[in-house]
Structures are given as structure tokens and as C-alpha cells.
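K.L.:
Here the sequence shown stands for residues 13 to 209, numbered as in the working numbering. Ideal Cβ placement from N, Cα and C applies to all residues, glycine included. I have a structure here, written as C-alpha cells, and I will follow up with some questions on it.
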Amino acid sequence: MPAFAGPVISVMDKRSILAHAPDDSVPPSPQPAAGTPCEPRRYARCVPVDVLCEIDIDRPRTETATYASDPDHATDWYENIEAVDWKTPRPVSLGSKISFVASFLGRRLAYTYEVTELVAGERFTMRTAEGPFPMETTYTFQDTPSGGTRMSIRNRGKPAGFARVGAPVMTAAMRRANNKDLRRLKQILERSEAGAG
Numbered sequence: 013m014p015a016f017a018g019p020v021i022s023v024m025d026k027r028s029i030l031a032h033a034p035d036d037s038v039p040p041s042p043q044p045a046a047g048t049p050c051e052p053r054r055y056a057r058c059v060p061v062d063v064l065c066e067i068d069i070d071r072p073r074t075e076t077a078t079y080a081s082d083p084d085h086a087t088d089w090y091e092n093i094e095a096v097d098w099k100t101p102r103p104v105s106l107g108s109k110i111s112f113v114a115s116f117l118g119r120r121l122a123y124t125y126e127v128t129e130l131v132a133g134e135r136f137t138m139r140t141a142e143g144p145f146p147m148e149t150t151y152t153f154q155d156t157p158s159g160g161t162r163m164s165i166r167n168r169g170k171p172a173g174f175a176r177v178g179a180p181v182m183t184a185a186m187r188r189a190n191n192k193d194l195r196r197l198k199q200i201l202e203r204s205e206a207g208a209g
């Protein structure tokens, strides 16, 4: 649930999902070493913006994934998301559609995501295929040796609607926003544990 995906009023059908699915012939970007800052990445074809961020959170993986993958919590830890509107019934599941209102680079954005991948406690992907900024957002969750969670957020898209901004400025803005939001999520989850204790 990024705070910067472009305006999308319609939702994807099955053909849209297939048309925008990643090309298996393009090798995935390498993962950054643990503890490295968020890295902007680019694909050679059709996905010019590819930003990956990660953080270690001192809470169990299942708890972290459950909280972060619930769209109702988006306004708590995404600074730029202002509103969430479910287009399909709760709880979140494969095929769920959720609309968001957010702000990014001085623009107010309204867009609808569809959940295209959901592996409980491991992986969560949402995608929008239309509008000036088609975007795919993926969360991954891994156990850390200390019993916590290493969470990553990866955003891939083609910022045609922000042509005047340019990809370098776009990726830098995404990187700053994602790192800030992950720090906020970490604070919320770790603070809740301290309060419980």
C-alpha cells in the first residue's frame, strides 16, 4: 500500500493481471545485504522504477505480517495515505480490491489496488494496472535470528503520469517515503509489545 501510487479509478480484470505480470525472462534484481539502505532499481524493460526497502522489526513474523498486510492499518503507518475504502468484503484475501487516497510529490492521488498474491506470514502483493502510474507493491516477511522479522517493501511501476519529475527524482522520493513508513511501522509494533509487557 504505497503512499504514492498513481490515480486509478478502475480495477483490473484477469486479462489486465496477465498483461502486466512480470516477464519470467527478466531476472529479478538482487536482494540488498542486510542492513543496507533502501536501493532504487530499474528493469531493462517496461518497469523503469523499482525501489526496494527493508527493516528489522523486533516482533514475530506472523504478528508483523498480519498487521502490515491489513489495509485498515495503512493510515497508521503510511504517512501519506489519508483514507482507505474497501471495494470488496473484509478480510483481505486474494482478489480483494481496496481504494486509497494519498498524497505524493504535491499531488492528491486516488487509486484502487487488487490483491494478486497472498501467502500468509510470508508475502503480500497488490497491483494496479491502469492510470498514469501503474504500480505493484510487494511485502515480504522473513524470520531473523533473534526471533523478529525482516520486512521488505518493493514498489515497481512506470511513472508516466509524473513525466516532468523524472525517474531519478521519483525513486529518491519513494525511497525516503518507504524508509520513513517502515520506521513508523517498527515503532508501532515494538511499542505495542512494550506496552503489553
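Could you say which of G160, E148 and T140 lies nearest to L64 if we only look at CA atoms?
P.N.:
The count along the sequence shown starts at 1 and reaches residue 64 at position 52. Among G160, E148 and T140, the Cα nearest to that of L64 is on E148.
K.L.:
Return the chain-ordered list of same chain residues with a C-beta closer than 6 Å to the C-beta of K198, the five sequence neighbours on each side being excluded.
P.N.:
Here residue 198 refers to the residue found at position 186 when the sequence shown is read from its first residue. Cβ neighbours of K198 beyond the five flanking positions: I67 and I69.
K.L.:
Enumerated in chain order, which unbroken segments of the alpha helix (DSSP H) with a length of 4 residues or greater are wholly contained in the stretch 95-181?
P.N.:
None, since the stretch 95-181 contains no complete alpha helix (DSSP H) of that length.
K.L.:
Taking only the alpha-carbon atoms, compute the straight-line gap between E126 and M186 and give it to the nearest angstrom.
P.N.:
Here residue 126 refers to the residue found at position 114 when the sequence shown is read from its first residue. Here residue 186 refers to the residue found at position 174 when the sequence shown is read from its first residue. E126 and M186: Cα-Cα distance of roughly 20 Å.
K.L.:
Out of curiosity, what's the CA-to-CA distance linking R54 and R203?
P.N.:
Counting from 1 along the sequence shown, the entry for residue 54 is found at position 42. Counting from 1 along the sequence shown, the entry for residue 203 is found at position 191. Per-residue confidence for R54 stands at a pLDDT of 38, beneath the threshold of 50, marking its modelled position as unreliable; the derived number appears in the next sentence. Whole-angstrom Cα-Cα distance: 35 Å.
K.L.:
For D62, report the span of its beta strand (DSSP E) as first-last.
P.N.:
The sequence position of residue 62 within the sequence shown is 50, counting from 1. Note, D62: beta strand (DSSP E), V61 to I69.
K.L.:
Specify, as a first and last residue, the run of the alpha helix (DSSP H) that P90 falls within.
P.N.:
Residue mapping note: residue 90 aligns to position 78 of the sequence shown, counting from 1. It should be pointed out that residue 90 corresponds to Tyr in this sequence rather than to Pro. Here Y90 belongs to no alpha helix (DSSP H), and DSSP marks it neither H nor E.
K.L.:
Alpha carbon to alpha carbon, how far is L106 from D193? Give it in angstroms, no decimals.
P.N.:
Counting from 1 along the sequence shown, the entry for residue 193 is found at position 181. Counting from 1 along the sequence shown, the entry for residue 106 is found at position 94. For D193 and L106, the distance between alpha carbons rounds to 24 Å.
K.L.:
Report the three-state DSSP secondary structure of P83 (helix, strand or coil).
P.N.:
Within the sequence shown, residue 83 is the residue found at index 71, counting from 1. Reduced to three states, the DSSP call for P83 is helix.
K.L.:
CA-CA distance, V104 and S81?
P.N.:
As a first step, residue 104 is located in the sequence shown; it is residue number 92 there, counting from the start. As a first step, residue 81 is located in the sequence shown; it is residue number 69 there, counting from the start. Cα to Cα, the separation comes out at about 8 Å.
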